[in-house]
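J.: Quick one: the structure is below, and I'll ask about it shortly.
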Amino acid sequence: MEGDRVLFYTNARMPEFSYQEGDDPYTEDRTTSFTVNYDEQNANKTEIWHALRVSFPLEGEVAELYDATTGEFYGDRRKWDVNMHENLNALLIRKYADMIAQARLKVTATYDDGTTETKTYVITPVDNLEETLRAYGEALRAQAAEEEANPGPTEPIARPQLFRFTQID
Numbered sequence: 048m049e050g051d052r053v054l055f056y057t058n059a060r061m062p063e064f065s066y067q068e069g070d071d072p073y074t075e076d077r078t079t080s081f082t083v084n085y086d087e088q089n090a091n092k093t094e095i096w097h098a099l100r101v102s103f104p105l106e107g108e109v110a111e112l113y114d115a116t117t118g119e120f121y122g123d124r125r126k127w128d129v130n131m132h133e134n135l136n137a138l139l140i141r142k143y144a145d146m147i148a149q150a151r152l153k154v155t156a157t158y159d160d161g162t163t164e165t166k167t168y169v170i171t172p173v174d175n176l177e178e179t180l181r182a183y184g185e186a187l188r189a190q191a192a193e194e195e196a197n198p199g200p201t202e203p204i205a206r207p208q209l210f211r212f213t214q215i216d
């Protein structure tokens with residue numbers, strides 16, 4: 048991953064037989080790249096997942112909303128201001144999306160004969176990112192209200208597509 052303040056977190060949860068009680072079974076590594084070997088995938092039964100992370104300072108409206116939502120979360124209030132939380136989330140996602148769109152993802156494949164092929168991608172947000180997130184949040188809240196009123200099995204709500212991968216070379 049090539050970009051300012053953009054990197055991968057590789058998280059792993061070791062299998063129970065590989066650590067002693069009281070040890071932390073989770074490890075985390077921060078890096079700009081990782082390798083996946085087809086023949087060695089999950090050979091030691093470790094749960095591994097990779098996440099793209101972005102870090103940035105909280106400034107202006109984002110900082111104000113963050114302070115307010117954090118205060119609300121740790122305060123005595125039983126009912127949260129959903130709009131405030133959604134506004135903060137939308138601002139954070141937009142900042143994240145803008146930073147990701149400036150970065151480049153390079154993927155290199157090594158074939159059995161030793162040859163390699165590299166492709167570069169840009170990750171951009173969908174055109175209606177904020178509206179998509181807001182609709183998803185509303186659908187989740189409506190489903191939760193329905194489950195509370197009528198307990199029973201429900202269909203999971205599909206996660207919306209928020210980003211596109213576009214090959215640039």
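If you count by my numbering, then the sequence shown holds residues 48 to 216, one letter each, in order. Don't be surprised by glycine CBs; every beta carbon is placed ideally from N, CA and C.
#1: Relative to the C-alpha of D70, which candidate in M61, P203, D76 has its C-alpha closest?
#2: Look at the alpha carbon of G118 and the alpha carbon of N136, and state the distance between them as a whole number of angstroms.
#3: Counting Cβ pairs closer than 8 Å, one from the segment 144–157 and one from the segment 108–117, do we hit at least three?
#4: DSSP on R141, reduced to helix/strand/coil?
#5: Let me check one thing: in DSSP terms, what residues is E49 bridge-paired to?
#6: Please classify N134: does DSSP put it in a helix, a strand, or coil?
#7: Could you pull out every residue in the same chain whose Cβ sits closer than 8 Å to the Cβ of L209, ignoring the five residues on either side in sequence?
#8: Determine the direct distance from the alpha carbon of P203 to that of D123, and round the result to whole angstroms.
#9: How should L187 be labelled, buried or exposed, when 16 other C-beta atoms within 10 angstroms of its C-beta is the threshold for buried?
#10: Where does L54 fall in DSSP's three states?
#11: Within a Cβ cutoff of 8 Å, which residues of the same chain sit near G158, ignoring the five residues on either side of it in sequence?
#12: As a quick exercise: from E185, T213, A182, P198, pick the residue whose alpha carbon is nearest that of V169.
#13: Would you identify the three-state DSSP class for L99, choosing helix, strand or coil?
T.: Reading from the atomic positions:
#1: The residue given as residue 70 occupies position 23 in the sequence shown. Of the candidates M61, P203, D76, the one whose C-alpha sits nearest the C-alpha of D70 is M61.
#2: Locating residue 118 in the sequence shown gives position 71, where the first residue counts as 1. Locating residue 136 in the sequence shown gives position 89, where the first residue counts as 1. Taking the straight line joining both Cα atoms gives about 16 Å.
#3: Segments in contact, no.
#4: Numbered from its first residue, the sequence shown carries residue 141 at position 94. DSSP places R141 in helix when its eight states are reduced to three.
#5: To locate residue 49, count along the sequence shown from 1; it is residue 2. Bridge partners of E49: R151.
#6: Position 87 of the sequence shown holds residue 134. N134 falls in the helix class under three-state DSSP.
#7: Residue numbering aside, residue 209 sits at position 162 when the sequence shown is read from its first letter. Setting aside the 5 residues that flank it on each side, L209 is surrounded in the same chain by I140, A144, P172, V173, L176, T179, L180, each with a C-beta closer than 8 Å to its C-beta; the list follows chain order.
#8: Taking the first residue of the sequence shown as 1, we reach residue 123 at position 76. Taking the first residue of the sequence shown as 1, we reach residue 203 at position 156. The alpha-carbon of D123 is positioned some 32 Å away from that of P203.
#9: Taking the sequence shown and counting its residues from 1, the one referred to as residue 187 is at position 140. Its Cβ having fewer than 16 others within 10 Å, L187 is exposed.
#10: Residue numbering aside, residue 54 sits at position 7 when the sequence shown is read from its first letter. L54: strand per DSSP, three-state reduction.
#11: Your numbering for residue 158 matches position 111 in the sequence shown. Note that residue 158 is Tyr in the sequence shown, not Gly. Shown here for Y158: same chain residues with a beta carbon closer than 8 Å to its own, the five before and five after excluded, namely E164 in chain order.
#12: Your numbering for residue 169 matches position 122 in the sequence shown. Per the Cα distances, T213.
#13: Within the sequence shown, the letter at position 52 stands for residue 99. Collapsing the DSSP output to three states places L99 in a strand.
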